[in-house]
Structures are given as structure tokens and as C-alpha cells.
Amino acid sequence: MSKAESLVPWVLVGLAVIYLIAMMAPPIESAAPMRLDEFAALPLEDEGRVKPYDTLARNSLMIISSRQTFVDEDGHTQPAIRWLLDVMTSGPLFQAANQQQGPKFALAGEKHQVFRIDNPEVVALLGLKRREGSRYALAEFRDRLDKLEQEAKRIAKKDPKGLTPYEKGVHDLASHLQLYIKLANWMETLYIFPPSTPDEEWQTFQETNAEAGLKAALSGVPTMVMAYARNDAKTFNAELEAFRKQVGELRPADVRRSGTEAFFNHFAPFYQCTLLYIFVFLLGCLSWLGWTRPLNRAAFWLAVVTLVVHTLALIARMYLMNRWFVFVTNLYSSAVFIGWGCVALCLLLEKLFHNGLGNVLAAFCGAVTMLVAHHLGSDGDTLALLQPVLDTNFWLATHVTCVTMGYTATFVAGFLGVAYILGGVITPWLSKATAKTLTQMLYGVLCFATLMSFTGTVLGGIWADQSWGRFWGWDPKENGALLIVIWNALVLHARWGGMIKPRGMAVLAVVGNMVTGWSWFGTNQLGVGLHAYGFNDTLATGLVVFWVTQLAVIGMGLLPLRFWASHETLLLDKPTNLEDKPLVPAVDKRHRKRSTKRGEASYSPGPA
Amino acid sequence: MSETSIQARANPVPVLPERAPSPRLSRFRYLRKGLRALASLRLTVFLFVLSMFLVFCGTLAMMDHGLWATLSQYFRAFLAWIPLQVFVRLGQVFFGVPTSWHVAGSFPFPGGWTLGAALLVNLLAAHIVRFRFTWKRAGILLLHTGLLLLMLGELVTGLFAVEGVMTIPVDGSCNYVENTDQMELAFVWPADAHNDHVVVVPDDLLRQGGAIRHEALPVDIDVVRYVANSTLTEDAPPPAQNLATRGFGLETAVLEQPPGRGVDANQKRDMPSAYITLKDKKTGQGLGTYLVSAWFSVPQKVEVDGTAYQMSLRFRRSYRPFTFHLKELRYETHHGTSLAKEYASVIQVIDPEHGEDREVTIYMNHPLYYQGETFYQANVNVTKAGEFTGLQAVRNPGWPIPYVACTLVSGGMALHFLLHLRDFLRRKVLS
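Line by line, the protein sequences are chains A and B. Position one of the first sequence corresponds to residue 1156 (my numbering), numbered consecutively onward. Position one of the second sequence corresponds to residue 76 (my numbering), numbered consecutively onward.
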């Protein structure tokens, strides 16, 4: 490897680190006269948990608009916190003031085009014209609100599962409006004043006003909101400073936590991870076309850097929820954690087998699970509170983590199977030795998957026995986990009994993907049992698409060998030459030495 | 001894004259052959496939029939009849099949008991045929023993576990557990200041219909109509169409519902109702036709020969020698939300037999173990009639089995895979 080649990985890793640091830097608005980003980091209590205003703003805007930013009337993209403040200064108080004293306040919250209305019938109901982006301002359909309310009342009585797209559109818009109204009526609905003693609760403006009088109620956030409405940066900043100091003395932990959360929101580590994983995936694919060694090394180390960010983000979430070792609390976090596990497992495989496949699989699984997580997280707070029965860190940390690791390993085994089949059918990459290595990888991962899913399922049983006296409840989700355990055991037994050869194992591992998909998302759709988190249309469709792709792969795997592009290479008992056919096969040390002697390329993904 | 055996092997083996195999030996051989067939890994894999199919269909069936019905019809059954409709339901959830579709017919499939037994036989046969102890196989042996125990544990649970519910009002007491799977028609009248006489008619007898006569009963009963699962109307039915002539039945009527919903996500159970005619035991004279229903939360009064009886169709009760008194019911929500934070019942356990009189708090994930039974905080009911706590009462003699079993399986698996991993890594290092 030339010196230039050996530098490539380090340059790319360095660039990635610089990129990440740049993303951590405070936003540009921090230079603006009104220090909105510092306001965004202040804590309040909402939905039973303390969070920064930033999270409230982003999550609310995400629900209403499917985005975390909005475009103002001048066409500038603005942060969610500005939208929140605009909504807070468009409420009844400011409207009343405008009515009495003329147009004194801008009521900008009503003018921002944020309400996303996709269904054309709902657009027509509100007397609007369809437009690109499908986002509308409240001011545009204010006069048709009574019609919407009428329809929403009618629909509220129906079974939510049997709604037509139009009815669902009305239902969603109505709930989005309710959220808007909640924010606009912040004086009654938002718990903005921290308790002065640990026994007390957070209070709204109204409660403080009733208890401690108007003077106390006007200090802090209300003054800042008024100053924002009057565009008075000096008062805003001064009050911000004073209030932050006051809260910091009363609730130091809350201030630290909400500050971290605001930073977390701003940095969006999971989004950065998605981008980096996609980049790693592209690098890995490029390495097959040529320049294999340096690109593979770069891909590996870049994946490691991304995994570090991913890990830190998981730890940050635990800190924010104050639940250590609890990785999974809802479907969103299960996707994030499964992604993490897949990447870690695949990189470990890469380290053991050095065949470039681990990098590509790691990046692929990482990117896909992140996208799934992004979709799952788009309907609210991903750090939300848990049901009482789930309120136990021990079982969440053991049972849920183990089961999810089981899903993870089964998926990794499944995608190794996909690699075996696609690599064999489409490309001439799959030699006999490569197939053997892949089978070894698959076998090891399957064993791990069986162990994890069994242990996890059993721990769940023990939890159930301790919580409601039933070791095994035959709940759909439990049955799903059981299916994974039996399936993995089946593949292993079929292998031990000589019923399947490597190819059969690969095909069955892909079936394992379908089983895991069922257990992860399918069982939730049935609306039965303790683990029913609610029905989700897109999830059902996504699962079907996943099943179809897996079936296609299985179909390819069952093609007679003579139709495989690797038909001839499969007969060879040595790995494909690295430079000739860059789709990288297994290289164990013996081969590596020999090929190095002959002056052919060999590589290892790490620094020697 | 060892020397001679070495000697014997070193020398050429003398050719023995051919002899017909003894009938005993050949019988043994057949036994071995049979065992070997039973021990086949192909059979294991086949049984795994059948089990997965059963579990999958059972899960789908829960959408229509609820958890409990599925449990007894699929998993705790020798033969399951799987309706084709379950696949239509799958299509409706995932593939956009119209919700109006309905396909009749079902096919038989080995149930949970059958498959479990077959797997058990397969496992035992495998170990009899291939048994030899080496360290390499120690993990497998351990994990299979654990699996065996696990299956037996589920068997014990299926056969012997009893689950019930204890509902106690705040400041009230309760000394019985209700079995919500079965109903009974109860007649209660006072015996003395502290005790009541109770005579009950099992639900099954009502279901059969016809006349019910028993010396312990204060009246004779004729079942006019029995509805296995019902709801009640809010309005009184027109008198001409009403089967009931007295009691609560004058104000409400029964609407028949499809039976077998069992428990769904909302813990709904079949709620039976029945129209029964009561007759005087001596004269055979009719005392009127009453509507009894699981929906009525208070008993109806029936007067016979000057004695007032409380009559109700209620969940079957089994009495305990101890009493739980609910001193306090705590249910908190997270501040500013309607999301429950905690349920807790503060209970005074009063047990004259064991001389116990102490206070315990039962809450989520913290049950009370008492007299071989475990009481879990299941729910809290706040109604117009008052606040109630619902305790789940479970008596399962097989409860420790899964714990032992799981330790064995997990330990066995870990041992086996670690041994393999060690070999694998060693080979990698050597190569």
C-alpha cells in the first residue's frame, strides 16, 4: 500500500470528525440580539416530564408540520423555537389586546404556513387551494373552523380503525389544532414555574397568579414572552439571565438536563449518524469497484467513528430519561438500539473476517434502522413517560435489552443470508471459500441470536410472573419472540442434522428476517394484548414491503445453482482474487501470506 | 482386564459360525430402530415448523376470539381447529383485503399439548439413542434438560394453575376470590349476625336449560332462556315481548352478543344473562320470571315463605380462611397528565387461623405472597358506586419450575456456544 493510499482512511475520518464538530457548534441565531437559543434550553414541565422549550417546540412543530423548522412569510427557514414563541404571542390575550387597542401585536403564529393537510377533500372543506408542500396557515382557514369542528365531532364517535383517508385527515388536523390551542393558551396549559421545594409541583401562570399574585406570575417566562411580542431584546435577555439563575438555584439538575437535551436536539446525533452510515455504505460499495484496500479501511474506521457517536447518543438518552442501562423504552428507541447492535455486531464480524462485507452490512443496517426510527419518532416525544407496569429499570434493562439484541442478531444473520444469495446470484463473487466464511459468520451470529432471544424471552416471562403471576401469557408480542426462538433453533437443528447446506442456511436466515419483522412490528398491528402500542398504517405497509423484498431474495436463493452468476466460482476452492474481482471474499491469514508473497493485494481494515 | 482386551483386539478375530439372531435381540433392534426414528432431527425440525404455524395462527386468532379462548382452543388443546378466517384477518390488517370478507370453514391441526408431547418424546428419544457424556455436549445436555422442565412447567401451569380476581371497595373487606371464567347463580340469606347461608347453581346447569331441582335450593328453577354473552338495553322492553315478569328484568332487556370474545385488550369477558322462572318447592306455584345477568352489580330480592333471599348471577367465588381489608387505595397520575403513575392498595391482612393481622402494600411489580397464593395489583375501578381495587390472585403450584428451567437452558446455551467460540477462535489463531 502506497503512502498516499494509507493516508486516505485517516483523511476521511478526520473530515468526518471536523464535520461532526461543526454540527455541534451553536446555531447562527445565537448572534441575534434576542438570545432565542438560550431561551430554548430553559426547562418547563410538559406531559409529565421536564424538558426544554426547544423540545416542546420541535415536537409540536413536527406533529403539526412533519418538520422541525418552518418557512416564514419572507421565505426564510426559521427554527421551531421562533414558531413556538410566535404561537405563544398569538393567544387570546394578545388577540384581545389587538381588538381593544388596534393592531399592536403581529399574531405571527397564525400566519405561518405550518399545518400540513395532505388530503384534497380536507383542503376543499377548508376552502383552500392545493399548494406545493401542503402546508397552510391558521389565518387562511380560520373562518371555516366551525365546519371542521362539526366534521371532527362526527368522526370522533367512529371506530378509529375504520376511518376513510378524508376522515383520518380531519381527525388529524383537529388534533393538531388542539395542540396549537394548547400552546396558544400557554398561561393555563404549560407548567412554566419550577417548584420551590421538592414536594411541590410545577405551576402554570394561572396557578402562580392565584397563589402568589400577579407580580410573581409575571416574572420569568411571561415577561420574556411579552418582551418577544414587543420585539424588546434588552428586556428579553435580561429576564432570561435572571430567570435562568433563579431556576438554576431551585432545580440545578433540571437545568443541566434540559440544557443537554436542547444541545442533543440541535446536534441531532441520530441524523448525523444516518448521513455517515450512508456515506460508509457508499464507500463500502465503491471499494468493490476498485482501490479496495484503502476504501475498505476508510469505511471501517468511519463506521467506528459513527458507532461512537451512536453510542454516545444512546447514553445521552439514558441520562435524559434518568434511566441508566435502559436502552429501549418504545418502538422508536428499539429501532435506534437495533441499529446500534447491528452495526456493532457487523463491525465485530469485519474485525474477525476482514472481508469488507461487515462494513457494508453495518452501514446498511445502521442507515435503514435510523430511517425507520426517524419515521417512528415523527409523531411525538421519543422520551415520553412510561406506563406504570413498565416503570421498572431492572426489567427494562435486562429483558428488553436481551430481546432486542435477539432481534438484532437475527437481522444480522438474515442480512448475511441476503449477502450470500445476492452475491451468489447476481455476481460471480461467491467462491467456495467465501461461502464457507459466510456460513461460519452466519452460524456464529445465529447461535448468538438464539441465546439472546431465548434469554430475553425467558426474562420477560420472569418479569410477567413477578408482575401478574403468569410466566407465559401467550400475548402476541411474546408469541412473536417465541417464533424467533423456535425459528433460530430450527435453523440450527436443520444444520446439525445435515438437512441444509450453506445455501439452505442462507435462505432460512432470510426467512428469519421475515419472522423478526413480524415480531417487531407485525404483532403490534393486531391490537391485542399488553404490548399493543397502537395501529400504524405506514408501519403495516412498510412491513409488507419488507416481506416482499425478503421473499424475492428467498426466491432467488432457491434458483437452481446453474442460474447463479457464481456458479463457476462456487466450484473453486480458493477465494476470488482481490484485485481481479474486487467483490471482496474472505481472506484468512494463510491465503493472505501466500498472496502477499506473490505481490498481490492484501488488506486488513485496521492499521497494522 | 485391560491387557486382555488389547490382546483380543490385536489378534485376528476368529470367524464365528453364523447364527440366527435371537428373537430378544431382534426385538431390541426394532426398539432401537423405532427410537432412532423418534429421535430424528428431521422430526425435530418438522415439529418446530408445526409449532410455529400453530403459534402464528393462534396469535392471529386472538384478533377475533381474544386471548383466553385462543389459549384453550389452540395452545392448551390436543387438536386445534384453525378457521380459514384467520388468514383473511391477516390480509385485512396487512394487505388491504376488504373488511367485509368472511370465509367459512376450518381445518384441524395438532394443538399445543400434542406438539409439546411430540417434542418431548423426540427430545427424550434423542438423548436415549445418542447419549454419551462429553464436555462438548455438556451444554446441550443441560439446555435440553432445561427445555424439558420448561415444557413440564407449562403443563403443570395449564393443568393446575388457578387465576382469580379479588375486588375490594375502599374501607371494605373481601374473603373470596372470583373465578371470572365461570359464573354461578347464588341465593344468599342470613344465618346469624355474622354469617350467611349461600347456595349456588353452577353456570353449566343454567346453560343446559330445563328444570333445576335441588334440596338445598330455596326454590325450584326453570330456565326459560340463557344467553351466553349479552349486553343490556337501556330502555325497558314493551311488556308484551318481555319474558320477565318481576325484578330487574322489567326495566331492561337482553341483547345477544356473539360468544367467545373472551378477554381482549380491555379484559372483556363473556357476560351471560338468563331468564329464569322460580317456583315454590311445595306447591309448584310460579313466583315469577326473573332476568338474572352478570351485568347487575347488586343482587335482586326474592321472597319465599317469608324469607328474603338475595339472588344474583355472579362470578364463581371460592372462599378463603383469611380476609383482606382495603384501608387505602392510591392512584396517582403524572403531574399535568392523565397518564397513570402508580396504583397501590394498602391492605390489612386478617387471618384468625394463623393469628395474623398486619398491613401490607400491594403495587405494580410488588405482589403479596400469602398462603400459597400471589396477589397482584391488577387494576383500579372508580365508579359511581365507589372506588375498588382489583387484585389478581394466582395459585400456581408449578411456579418455581420455569425459574430452574430457564437457568438450566441459558446456562447450557452459554456453555455450548462459548465452547464453540473458543474452538473457533483457536482455529483462527492457529490457521
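The C-beta atom is built at its ideal place from N, Cα and C for all residues, glycine as well.
Under a criterion of Cβ atoms nearer than 8 Å, the residues of chain A adjacent to E238/B are, in order, G1624, R1625. Judged by DSSP secondary structure, N454/B falls within the beta strand (DSSP E) whose first and last residues are 448-458.
Close partners of A1695/A in chain B (Cβ separation under 8 Å): V168, F169.
Contact check for G1569/A against N1634/A fails: the beta carbons are separated by 7 Å or more. Within a 10 Å sphere around the beta-carbon of P183/B sit fewer than 16 other beta-carbons, which makes this residue exposed. Taking CB atoms only, H1529/A has no neighbour in chain B less than 7 Å away. Distance check between E407/B and each of T382/B, L199/B, V455/B places V455/B closest, using alpha-carbon atoms only.
Within the region 1632-1645 of chain A, the residues whose Cβ lies closer than 8 Å to some Cβ of chain B are N1634, G1635, L1637, L1638, I1641, W1642, A1644, L1645, listed in chain order. Shown in chain order are the members of the region 1199-1221 of chain A whose Cβ falls below 9 Å from a Cβ of chain B: E1200, D1201, E1202, G1203, R1204.
Against chain B, a Cβ distance below 9 Å from M1654/A picks out L116, R117, V120. For E434/B, the pairing in a beta bridge is given by DSSP as Q423/B. Residue range 461-470 is occupied by the beta strand (DSSP E) that includes A468/B. CA-CA distance, Y105/B to R111/B, rounds to 10 Å. Checking the DSSP bridge columns, you'll see Y406/B partnered with Y418/B.
Rounded to the nearest angstrom, the gap between the Cα atoms of T398/B and F1270/A is 58 Å.
If you draw a straight line from the Cα of R405/B to the Cα of A1365/A, it comes to about 28 Å. Three or more beta-carbon pairs drawn from the region 1483-1501 of chain A and the region 1526-1543 of chain A are found closer than 8 Å, and the two stretches are therefore classed as touching.
Taking 7 Å as the cut-off, the Cβ atoms of F121/B and L1645/A do not count as close. The beta carbon of T1547/A falls within 7 Å of a beta carbon belonging to chain B, placing the residue at that interface.
In terms of CA proximity to S1220/A, A1292/A leads the group M1560/A, A1292/A, K1206/A. One finds nothing in chain A with a Cβ atom closer than 7 Å to the Cβ of T242/B; even the nearest lies about 16 Å away. DSSP places M439/B in the coil class of the three-state scheme, outside both helix and strand. Along the region 1320-1346 of chain A, the positions whose C-beta sits under 8 Å from a C-beta of chain B are Y1346, read in chain order. Taking a C-beta distance under 7 Å as the contact criterion, A1661/A and A1604/A do not qualify as a contact pair. Three or more Cβ pairs closer than 8 Å define a contact, and the region 1605-1622 of chain A meets that threshold against the region 481-491 of chain B.
Within chain A, F1626, W1627 have C-beta atoms less than 9 Å from the C-beta of E229/B, given in sequence order. Within 8 Å of the CB of F499/B, the CB atoms of chain A belong to Q1595, G1599, in sequence order along the chain. Here the alpha carbons of G221/B and G214/B stand approximately 11 Å from one another. In terms of Cα proximity to V1402/A, the closest of L1716/A, T1678/A, P1164/A, L1199/A is L1199/A.
Close to chain A, meaning a Cβ-Cβ distance shorter than 8 Å, are the following residues of the region 418-435 of chain B: Y418. A direct Cα-Cα distance of roughly 20 Å separates F1676/A from V1708/A. L493/B and R501/B have their alpha carbons spaced roughly 12 Å apart.
Its chain contains H219 as the residues whose beta carbon lies nearer than 7 Å to that of H202/B, once the 5 sequence neighbours on both sides are disregarded; these appear in chain order. In its chain, beyond the 5 residues on either side, H400, K402, E434 have a beta carbon closer than 6 Å to the beta carbon of Q423/B. By alpha-carbon distance to K1389/A, the top candidate from A1196/A, S1586/A, F1508/A, A1187/A is A1187/A. With the rule of 3 Cβ pairs closer than 8 Å, the region 1291-1311 of chain A counts as touching the region 1325-1338 of chain A.
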